[in-house]
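Worksheet for the structure shown next.
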Ligand SMILES: C[S@@+](CC[C@H](N)C(=O)[O-])C[C@H]1O[C@@H](n2cnc3c(N)ncnc32)[C@H](O)[C@@H]1O
């Protein structure tokens, strides 16, 4: 996977079409969609607001918001033309032509300032080389009183019980690989500080636990380990093989649990 300064540690084109990444993204967003919608509403999403799905990827969340909030004009922006094509096709298939798709970079969004009541950035900030600059670039897009809500992860809040041997080494290798590409798998804890530093007010930070009991162990593992696995290659991937096999075995263990802390940060 090649690094590029705008895409940071997430360059969809470089992952390759046979990586299964599009399916993983769709699964990741769809599985938790209903849980997430309730959280977004808690964070201020209301029908009638002008909404931006920032770094929309395949557009699962853009479609969810458009379906459940028929009076919301929804804009969906992403850097990747390939993901936008997939998102457009899905939206057309679902009869949601009113979603406006825009190709753009979070560091220089090609959008009119002052137009959004609610901006949602899901799993973007862990990939950015300069999250502070991105937050500064997004702030002018908000209307007075509008809110940016960020959902992202922090790997120290990921736990498998029982823990497969070598699991810590595996997550650390993935974190190193993502950091080499400009990302940060421990971005969650930084989000409150970054929002304040970028000039947002009324900043809040919450951690929500999502478990294998809610998603199912199969989906939980695909969602939380899939991208980490893609980050590794060669000797590191070989070293992780036993750990990944032990993690897979949890699917058949009815007593196993898996938990992840999902960070939700917001500011006006
Ligand atoms: C892990 S995906 C998340 C996609 C979507 N938000 C979701 O949750 O399904 C990260 C997304 O960030 C996009 N991205 C990365 N760097 C970006 C940038 N500088 N500007 C806009 N989008 C970017 C990628 O193209 C990708 O769609």
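Residue numbers (my numbering): 4 to 271.
Where a beta carbon is used, it is the ideal one built from N, C-alpha and C, also for glycine.
Quick one: what's residue 269 bridged to in DSSP?
152 and 207
Grab the span of the alpha helix (DSSP H) containing residue 246 for me, first residue to last.
237-252
Quick one: is the Cβ of residue 61 within less than 7 angstroms of any heavy atom of ligand 1?
yes
From residue 55 to residue 243, what does the alpha carbon distance come to, in whole angstroms?
38 angstroms
Assuming residue 271 and residue 205 are in contact, meaning their beta carbons sit under 8 angstroms apart, how far apart are those beta carbons, in whole angstroms?
5 angstroms
Could you tell me the boundaries of the alpha helix (DSSP H) in which residue 64 lies?
63-71
According to DSSP, which residues form a beta bridge with residue 220?
Residue 220 is not bridged to any residue.
Please name the residue, chosen from 126, 246 and 150, that lies closest to residue 232 on a Cα-to-Cα basis.
246
DSSP on residue 162, reduced to helix/strand/coil?
strand
Given a threshold of 16 other Cβ atoms within 10 Å of its Cβ, counted over all protein chains shown, does residue 236 qualify as buried or as exposed?
exposed
Measuring alpha carbon to alpha carbon, tell me which residue in 81, 116 and 109 is nearest residue 103.
Out of 81, 116 and 109, 81 has the C-alpha closest to the C-alpha of residue 103.
Could you please give the first and the last residue of the uninterrupted beta strand (DSSP E) stretch that includes residue 201?
Careful: residue 201 lies outside any beta strand (DSSP E) and carries neither H nor E.
Touch check for the region 111-126 and the region 165-177: three-plus C-beta pairs under 8 angstroms?
Flag = no, the region 111-126 and the region 165-177 do not touch.
Tell whether a beta-carbon distance below 8 angstroms holds between residue 250 and residue 153.
No, the pair does not count as a contact, with Cβ atoms beyond the cut-off.
Opposite residue 78 in the DSSP bridges: which residues?
55 and 103
Expressed to the nearest angstrom, what Euclidean distance is found between the alpha-carbon atoms of residue 40 and residue 68?
8 angstroms
Exposed or buried, residue 158, counting other C-beta atoms within 10 Å across all chains shown (16 or more means buried)?
buried
Tell me the DSSP secondary structure of residue 46 in three-state form.
Coil.
Going by CA-CA distance only, name the one from 197, 131 and 214 that's closest to residue 184.
131
Among the residues of its own chain, which have a CB less than 6 angstroms from the CB of residue 221, if the five just before and after it don't count?
Here the set comprises 254.
Which value, in whole angstroms, describes the spacing of the CA atoms of residue 17 and residue 128?
Roughly 19 angstroms separates the two Cα atoms.
Count the other CB atoms within 10 Å of the CB of residue 124; is the residue buried (16 or more) or exposed (fewer)?
Buried is the call here.
Which one of 117, 189 and 179 has the shortest CA to CA distance from residue 161?
189
CA-CA distance, residue 192 and residue 266?
Each residue's Cα considered, the two are about 8 angstroms apart.
Residues in the same chain with beta-carbon distance under 7 angstroms from residue 214, minus the five sequence neighbours each way, listed in chain order, please.
260, 261 and 262
Might you give, ordered along the chain, the residues of its own chain that have their beta carbon closer than 6 angstroms to the beta carbon of residue 164, omitting 5 neighbours on each side?
260
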